[in-house]
Amino acid sequence: MASNMIVLEGEVRDEFGKGAARRMRVAKQIPATIYAGGADPVFVKLPMKETTLALRHANALFTIKFGGEQKMAVVKDVQRNPVKRIVEHVDFYEVRAGEKIDVEVPVFVEGEPKGAAVAFVDIQELKVRADVANLPERIVVNVDGMTDGTKVFAKDVVLPEGVELDVEDPEESVVTVEVPEDASTEEAPEAPAAE
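In structure tokens:
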């Protein structure tokens, strides 16, 4: 669970465009925008190293401080340079304490299925609804002791307390346990006899 809030100290941004963004990146800053429903967006610049490290936390809750103000926000979008993979811009969405939002949470598997069975993740991310102060970083599906042919459906996933499933099809398979086809058991064509 996202029990810790990440605090980023930024500055109000008053320059815009590619040239301004390039100058910010040279100064080790990342341009960012904080959107709020119905209000004008706020433009800030954030420290590059701290922001890049903070973005590694899935569904993190941020407090962004700038110009004597602070806003609580979650990441809406991250733009990265496709070649260098550096963060070029971040869009945040302002949230309020106690507000519930929809987020995509990565699915992980733990445990060992029985025999030669292997667990396959069918859905990489599961959409859930949770309080902004209680956003999960991951959802773990335990496959310990499951047998070949077992499926774990979205409706059967054990969610952390206070987190609700928010998918269109609760019957959708999230994890499948099956024995993979073994190439060594397939019959190989007979080699021609040596003369």
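The numbering of the sequence shown is full-length UniProt numbering, which starts it at 1 and goes up by one.
A virtual CB, placed ideally from N, CA and C, is assigned to each residue, including glycine.
In the three-state DSSP reduction, E50 falls in the helix class (H, G or I). A straight-line Cα-Cα distance of about 10 angstroms links A130 and L159. Pairing G111 with N134, the inter-Cα distance amounts to about 25 angstroms. Here N142 carries a strand assignment [DSSP, helix/strand/coil]. Nearest neighbour of R25 by Cα position, chosen from K71, V83, D77 and H89, turns out to be H89.
Going by beta carbons, V107 and V141 fall inside the 8 angstroms limit. The three-state reading of DSSP puts V44 in strand, counting E and B together. Rounded to whole angstroms, the separation of the alpha carbons of R22 and E94 is 25 angstroms. With distances taken between CA atoms, A119 lies nearest to T150 out of V42, K18, A20 and T150. For K18, the uninterrupted alpha helix (DSSP H) segment begins and ends at K18 to V26. The DSSP assignment places complete beta strand (DSSP E) segments of no fewer than 3 residues inside the region 125-185 at 125-131, 139-142, 151-153 and 173-178, in order along the chain.
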